[in-house]
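In mature numbering (1 follows the signal peptide of the UniProt record, and there is no 0), the protein residues as written are -24 to -1, 1 to 151.
Don't be surprised by glycine CBs; every beta carbon is placed ideally from N, CA and C.
This report concerns only the one structure given below.
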């Protein structure tokens, strides 16, 4: 009789826990498909970090690496931020051969975990955008590019936090 009580208690505890993943799967957040992925690249020889925009499906060379984003997703400003991109990175060897060194998802929120670490170059995702100052490549067939969205005017950006919002009033002088 004592065993059946334990089975009932275990069932009462485990049944709600088994339904939690099912509920989480039903709550899918809206993904916004962006036409531009923004990367940062570190040249370990010179110590310089540069930021560069790459259109979806376009291949851009950074040093000996060729970076090709396949998709770039963000969430609306009303949801928890999550910026992801599926990226393929190839290395051009000294023999002029192309060798795939990375193919997977990069998360802007954790660049240390999902970056490409090469002997000379590091590349990581920093953002996804609706437009770029760089014109799209010929024959571009990715997500639509918004025209007229200047840097800093991205509608996906979060609310202004007041940083650099104008001149700061002088502090009152102590007596």
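Alpha-carbon to alpha-carbon, residue j and residue i
i, j, result
"residue 36", "residue 118", "15 Å"
"residue 46", "residue 55", "23 Å"
"residue 116", "residue 107", "13 Å"
"residue 66", "residue 72", "12 Å"
"residue 74", "residue 68", "5 Å"
"residue 7", "residue 57", "11 Å"
"residue 87", "residue 22", "21 Å"
"residue 121", "residue 70", "36 Å"
"residue 77", "residue 38", "14 Å"
"residue 114", "residue 89", "33 Å"
Residue(s) in a DSSP beta bridge with residue i
i, result
"residue 9", "49"
"residue 67", "41, 75"
"residue 16", "27, 100"
"residue 61", "48, 82"
"residue 93", "98"
"residue 36", "43"
Best match in the options for proximity to residue i [C-alpha to C-alpha]
i, options, result
"residue 40", "94, 105, 113", "94"
"residue 11", "5, 31, 26, 123", "31"
"residue 180", "67, 123, 9, 22", "Only positions -24 to 151 of the chain appear in this structure, which leaves residue 180 out of reach."
"residue 105", "96, 29, 90, 114", "29"
"residue 165", "49, 70, 34", "For the chain, the structure presents residues -24 to 151; residue 165 sits outside this window and is missing."
"residue 91", "5, 24, 43", "43"
"residue 53", "14, 96, 123, 5", "5"
"residue 24", "112, 96, 123", "96"
Residue-chain proximity (residue i, chain D), Cβ-Cβ < 7 Å
i, result
"residue 71", "Considering every chain present, this structure includes no chain D. It has just one protein chain."
Any chance the segment 97 to 115 sits against the segment 15 to 22, with 3 or more Cβ pairs inside 8 Å? Inter-segment contact for the segment 97 to 115 and the segment 15 to 22 is present: three or more beta-carbon pairs are separated by less than 8 Å.
Is there contact here, the segment 76 to 83 with the segment 56 to 63, by at least three beta-carbon pairs under 8 Å? With the cut-off at 8 Å, the segment 76 to 83 and the segment 56 to 63 touch.
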